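Working notes, beginning with the structure itself.
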Amino acid sequence: MSVRRLAPDSVQPGAFAFSKTNDNWADAQIAKYPRGREASAVIPLLWKAQEQAGGWLPQKAIEAVGRKLGMPYMRVFEIATFYTMFNLQPAGEHFIQVCGTVPCHIKGARDIIKVCEDVIGPQSTVTADGKFSWLEVECLGACCNAPMVQINFDYYEDLTPENFARLLDDLRAGRKVNTGPQVDRSCSEPLGGGETLKDKALYDGSAVGRGDWQQRIAADREAARTAAEAAEVAKAAAASGAAAPAPATRPDAPVAAPRPPAGEGGQAGRAAPAATPAKVTKPARAAPAHPPTLRRKGGEGATATGPLIASTVADAPTLLAKPRAGKGDDLKLIWGIGPKLEKLLNRRGVWHFDQIAAWTDKELAWIDTKMEGFKGRAVRDQWVEQSKKLATGWRPDSAVGEKPGKT
Ligand code: FES
Numbered sequence: 377m378s379v380r381r382l383a384p385d386s387v388q389p390g391a392f393a394f395s396k397t398n399d400n401w402a403d404a405q406i407a408k409y410p411r412g413r414e415a416s417a418v419i420p421l422l423w424k425a426q427e428q429a430g431g432w433l434p435q436k437a438i439e440a441v442g443r444k445l446g447m448p449y450m451r452v453f454e455i456a457t458f459y460t461m462f463n464l465q466p467a468g469e470h471f472i473q474v475c476g477t478v479p480c481h482i483k484g485a486r487d488i489i490k491v492c493e494d495v496i497g498p499q500s501t502v503t504a505d506g507k508f509s510w511l512e513v514e515c516l517g518a519c520c521n522a523p524m525v526q527i528n529f530d531y532y533e534d535l536t537p538e539n540f541a542r543l544l545d546d547l548r549a550g551r552k553v554n555t556g557p558q559v560d561r562s563c564s565e566p567l568g569g570g571e572t573l574k575d576k577a578l579y580d581g582s583a584v585g586r587g588d589w590q591q592r593i594a595a596d597r598e599a600a601r602t603a604a605e606a607a608e609v610a611k612a613a614a615a616s617g618a619a620a621p622a623p624a625t626r627p628d629a630p631v632a633a634p635r636p637p638a639g640e641g642g643q644a645g646r647a648a649p650a651a652t653p654a655k656v657t658k659p660a661r662a663a664p665a666h667p668p669t670l671r672r673k674g675g676e677g678a679t680a681t682g683p684l685i686a687s688t689v690a691d692a693p694t695l696l697a698k699p700r701a702g703k704g705d706d707l708k709l710i711w712g713i714g715p716k717l718e719k720l721l722n723r724r725g726v727w728h729f730d731q732i733a734a735w736t737d738k739e740l741a742w743i744d745t746k747m748e749g750f751k752g753r754a755v756r757d758q759w760v761e762q763s764k765k766l767a768t769g770w771r772p773d774s775a776v777g778e779k780p781g782k783t
C-alpha cells in the first residue's frame, strides 16, 4: 500500500494555471453536468492538470482545480490522494505501477519490486536520467497474468525478475517493447494454449441465424441420440434379415394383428398371421375387412372407412387417410405418446392400435424417419409391444399409459 502524501515543498512549483486550450477543454467537461453539480468534473480536470504538469499533481494544480470547480481545496485533496492514478510526486518518463495485491504477491510481486528498488531506487523517486519512477499499487485487474505492472498506459504481465529487468533495459534504451504477457501466451488464455472455444464456427459467422442456442444444443443432442438409436435399429434389422431373408416384394412377414375390441373403433387392418410364414411367397397383407374402401395413394376416392394413402415406399406400413368408422384410438394410452405425437401420427395416417401392433421392424424404421423431432421414440418406448396389448382391449390405469417393463 502506497503512502499518499504531497511532494515536498522543494519540488513543488510556485504556481499552476491551465493553458488556454486545457481551460477550454475543462469548461467543456464542466458543461456536461447540471448547474450546481460542477464538482462532478473533478476527476477529468485533475487528470488534465496532471498531464499538463508533466505526469504528477503539484499542490498548486490541485488548488487550481478546486477554484475552477468552486470546491473547497480539501475536497479536491481527498480525491487526489485517494486514487493512485494521480501522482502526488514527480514521475519519470516511464512511470511504473507495481501491483502488490495478493495474487500478484503470491506469484512473485516482491521480486518485481526488488528489481525496481535495484534499478530505479526507492519508491516515488525519479532516476537521475529522468527515465523511471515507480509506485506500489493495489490490484490493477490483471490477476490472471500475475505478477504485472502498469507502465504509463500499458500493462506488462507474466513478469519474472529476468524479463522485467530486460524490459526496463529496453525502455531505457528506447527499444521497442511488447505490451501484455511477457511469456508465450495470448492475453490471459491458459498457459500452454487454450482448451475451449476452439470451434471455428464460433468466429466465422456461420453460427449466425441458427436460432436460439438452447434449441440448437437440444436439437444437436436429439440428432445424436436419434442417430445412435437408428444405428441400433438398422443393426437389429440387419440381424433379423440375415436370419430370415425378406421376400422380394414387401418385406413384411405376417404380424399378428389383434382384432380391436368392440367399440375401439375399427376392424382389424390385417388378417391374422399365417401359421407358417416361411411358406408365404406374396406380401402377407391379407384382404382388408373393407377391400373396396382401401386404396393406394393416387387411387380413386376416399371413404370414411379409411383409404390407404401411402405405401409408395416399400417399407411403409399401412397408413389411413382417416380413422376407421370416423374415430381413431386414443394413441395417448401408449406410454410416451402425448398429444403432439398423437397428432403427428394421425397426420402420417396412423390412427389405431392395431396399425402400430402390426408394424414390422422395417415399417418401424420407416415410420421413425417421419417422426420429426421424435425420432427413436417408437423403438425406445416399445410402441409396437404396447399397441399389441392395447389392441386386445386391455387398458392401463393411467391416461398416459403404462411404462413398458412395468410388471
Ligand atoms: S492482484 Fe495484481 S493485478 Fe490483481
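Numbering (the numbering used here), first residue to last: 377 to 783. Just so it is clear, CB atoms sit at the ideal spot from N, CA and C, and this is done for glycine as well. Bear in mind that the values here come from a model prediction, so they are computed numbers and not experimental data.
If you follow the alpha helix (DSSP H) that residue i is part of, which residue opens it and which one closes it?
i	result
tryptophan 742	737-744
glutamine 762	759-767
tyrosine 449	449-458
alanine 733	729-733
Per DSSP, what kind of secondary structure is residue i in: helix, strand or coil?
i	result
proline 557	strand
alanine 775	coil
glutamate 598	helix
phenylalanine 750	coil
valine 491	helix
tryptophan 589	helix
leucine 433	coil
leucine 696	strand
lysine 611	helix
serine 386	helix
valine 441	helix
lysine 483	coil
lysine 703	coil
asparagine 463	coil
arginine 723	helix
valine 379	coil
alanine 518	coil
alanine 504	coil
glutamine 428	helix
glycine 781	coil
What are the boundary residues of the beta strand (DSSP E) that includes residue i?
i	result
isoleucine 713	Where isoleucine 713 is concerned, there is no enclosing beta strand (DSSP E), given that its DSSP letter is neither H nor E.
aspartate 470	Looking at the sequence provided, one finds histidine at residue 470 rather than aspartate. That run of the beta strand (DSSP E) goes 470-475.
phenylalanine 508	508-513
Give the straight-line distance between the Cα atoms of residue i and residue j, rounded to the nearest whole angstrom.
i	j	result
tyrosine 532	alanine 522	10 Å
aspartate 596	alanine 775	31 Å
proline 354	glycine 569	One cannot answer for residue 354 here, as it falls past the ends of the chain, which runs 377 to 783.
proline 434	glutamine 426	8 Å
phenylalanine 729	lysine 764	7 Å
aspartate 575	leucine 544	39 Å
glutamine 473	alanine 485	11 Å
arginine 601	cysteine 563	38 Å
proline 699	aspartate 706	11 Å
tryptophan 770	lysine 746	28 Å
asparagine 463	tyrosine 449	17 Å
threonine 779	alanine 754	For the sequence presented, residue 779 should be read as lysine rather than threonine. Distance between the alpha carbons of lysine 779 and alanine 754: 13 Å.
glutamate 512	threonine 460	9 Å
arginine 592	tryptophan 401	52 Å
glycine 702	glutamate 571	60 Å
proline 384	methionine 447	24 Å
threonine 501	serine 386	13 Å
proline 479	leucine 422	30 Å
isoleucine 713	aspartate 588	26 Å
alanine 613	glycine 781	22 Å
leucine 516	aspartate 757	58 Å
Measuring from the CB of residue i, is there a heavy atom of the ligand PLP at a distance below 8 Å?
i	result
proline 557	Absence of the ligand PLP from the depicted structure is noted, with the ligand FES being the only ligands included.
Can you confirm whether residue i, when its beta carbon is compared against all beta carbons of chain D, has any partner nearer than 9 Å?
i	result
serine 774	Note that chain D does not occur in the displayed structure, where there is just one protein chain.
- Task: Go through the region 392-425 residue by residue and report every complete run of the alpha helix (DSSP H) that reaches 4 residues or more, in order.
- Result: The DSSP assignment places 396-406 as complete runs of the alpha helix (DSSP H) inside the region 392-425, in order along the chain (cut-off: 4 residues).
- Segments of 4+ residues assigned as alpha helix (DSSP H) that fall wholly inside the region 522-586: Runs found: 537-549.
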